[in-house]
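Below: the structure, in structure tokens.
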Amino acid sequence: MMTIKAAGMTDVGCVRKHNEDNLLVDPSLGLFVVADGLGGHAAGEVASQIVVERVGEFVAQTKEKDRTWPLEYDTTLSFDGNRLKVALLLSDQAIAEDIRKNPERETMGSTVVASLLNHRRVTLAHVGDSRAYLVSKEGIRQVTRDHSWVAEQVAHGILTPSEARVHPFRNVITQALGNGGDLEIEVQELELADSDRLLLCSDGLSGMVGDQQIWDIIQNANDLDHAVESLVTAARENGGEDNITAVLIGLANDNTASK
Ligand code: CA
Numbered sequence: 001m002m003t004i005k006a007a008g009m010t011d012v013g014c015v016r017k018h019n020e021d022n023l024l025v026d027p028s029l030g031l032f033v034v035a036d037g038l039g040g041h042a043a044g045e046v047a048s049q050i051v052v053e054r055v056g057e058f059v060a061q062t063k064e065k066d067r068t069w070p071l072e073y074d075t076t077l078s079f080d081g082n083r084l085k086v087a088l089l090l091s092d093q094a095i096a097e098d099i100r101k102n103p104e105r106e107t108m109g110s111t112v113v114a115s116l117l118n119h120r121r122v123t124l125a126h127v128g129d130s131r132a133y134l135v136s137k138e139g140i141r142q143v144t145r146d147h148s149w150v151a152e153q154v155a156h157g158i159l160t161p162s163e164a165r166v167h168p169f170r171n172v173i174t175q176a177l178g179n180g181g182d183l184e185i186e187v188q189e190l191e192l193a194d195s196d197r198l199l200l201c202s203d204g205l206s207g208m209v210g211d212q213q214i215w216d217i218i219q220n221a222n223d224l225d226h227a228v229e230s231l232v233t234a235a236r237e238n239g240g241e242d243n244i245t246a247v248l249i250g251l252a253n254d255n256t257a258s259k
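Residue numbers (our numbering): 1 to 259.
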């Protein structure tokens with residue numbers, strides 16, 4: 001019998017005064033979320049908080065399939081894909097609604113990466129530059145495609161990935177929840193092997209710690225808690241220029257655990 005194990009941590013970093021990231025770690029729902037708020041103090045953290053609460057609420061409400069569906073059901077996606085897609089659309093609406101009541105927060109928004117685990121199947125949805133990585137014994141692979149200006153330049157062959165990492169516009173994202181534009185929510189699915197780890201993180205981690213160092217830390221950690229602590233420490237040691245959030249997810253075999 002496989003069960004989910006997970007660890008998550010968020011840290012203000014070394015430069016910012018406030019932490020505008022939020023995270024949700026809920027193994028009982030199989031739900032994991034990282035949201036990175038935009039719009040400055042008292043706005044960014046509100047936006048990312050709205051996202052984790054709204055996503056958690058909707059995923060909990062849709063544990064049973066017989067619920068009336070609040071928005072259009074996308075037949076190209078699985079049920080879990082629809083749960084995450086609608087959860088993100090509802091978060092987008094909830095931020096917009098909060099802005100209507102609190103116009104001083106008009107610039108707020110949030111990125112998000114959310115994953116829903118059902119046995120070995122991972123369903124992922126994201127908006128913006130919060131990332132998911134699949135980390136296996138063999139290596140590390142970025143699973144999500146950043147919705148960012150530099151990622152578009154890399155896709156068009158104008159910048160190389162290493163140029164993108166240090167580009168002055170590296171923090172410019174092309175879509176976010178709550179910003180009023182048309183959203184293109186990307187949903188994808190993958191299978192998790194026994195020793196695989198799924199990492200969700202904000203750009204305060206991925207911008208400070210390269211893929212190879214992330215892989216080394218996860219492979220060398222004794223457990224998931226130590227791994228996320230070490231990832232956050234590495235981001236701080238490399239400058240900690242932004243808020244840092246990491247959620248690490250894996251499978252545990254109950255039979256071996258009870259021996
Ligand atoms: Ca950030």
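Idealized CB from N, CA, C, for every residue including glycine.
- prompt: Between the region 44-59 and the region 91-111, do three or more beta carbon pairs fall short of 8 angstroms?
  reply: yes
query: ligand 1 heavy atoms versus the CB of G239: any closer than 7 angstroms?
result: Outside the cutoff, so no.
- request: State the DSSP-derived secondary structure class of E57, mapped to helix, strand or coil.
  value: Looking at E57 - three-state DSSP - the assignment turns out to be helix.
task: Going by CA-CA distance only, name the one from A155, L183 and V172 that's closest to V127.
output: L183
- request: For V52, write down the residues that DSSP places opposite it in a beta bridge.
  value: According to DSSP, V52 bridges with nothing at all.
message: Only counting the same chain, and skipping five residues up and downstream in sequence, which positions put a Cβ closer than 8 angstroms to that of P70?
response: Cβ neighbours of P70 beyond the five flanking positions: V86 and L90.
- prompt: Rounded to the nearest angstrom, how far is the Cβ of V112 from that of S148, given a contact under 8 angstroms?
  reply: Not really, about 14 angstroms apart at Cβ, beyond 8 angstroms.
query: Would you report the Cα separation of S230 and P27, rounded to the nearest angstrom?
result: Our two residues, S230 and P27, have alpha carbons roughly 21 angstroms apart in a direct line.
task: Look at V15 and L23 and say whether their C-beta atoms are less than 8 angstroms apart.
output: no
message: In this structure, how does DSSP classify I244 when only helix, strand and coil are distinguished?
response: Reduced to three states, the DSSP call for I244 is strand.
message: Using a Cβ-Cβ cutoff of less than 7 angstroms, which residues in the same chain neighbour V150 once the five nearest sequence positions on both sides are dropped?
response: Within the same chain, V150 has close Cβ partners L159, A164, H167, F169 and R170.
message: Within 10 Å of its beta-carbon, does K259 have 16 or more other beta-carbons around it, so buried, or fewer, so exposed?
response: Residue placement at K259 is flagged as unreliable, the pLDDT there being 38, under the threshold of 50; the coordinate-derived value follows with that caveat. Exposed, since its Cβ has fewer than 16 Cβ neighbours within 10 Å.
- prompt: Starting from G37 and walking both ways along the beta strand (DSSP E), at which residues does that stretch end?
  reply: L31 to L38 is the extent of the beta strand (DSSP E) around G37.
- prompt: Would you say T144 and E189 are within 8 angstroms of each other, going by their C-beta atoms?
  reply: no
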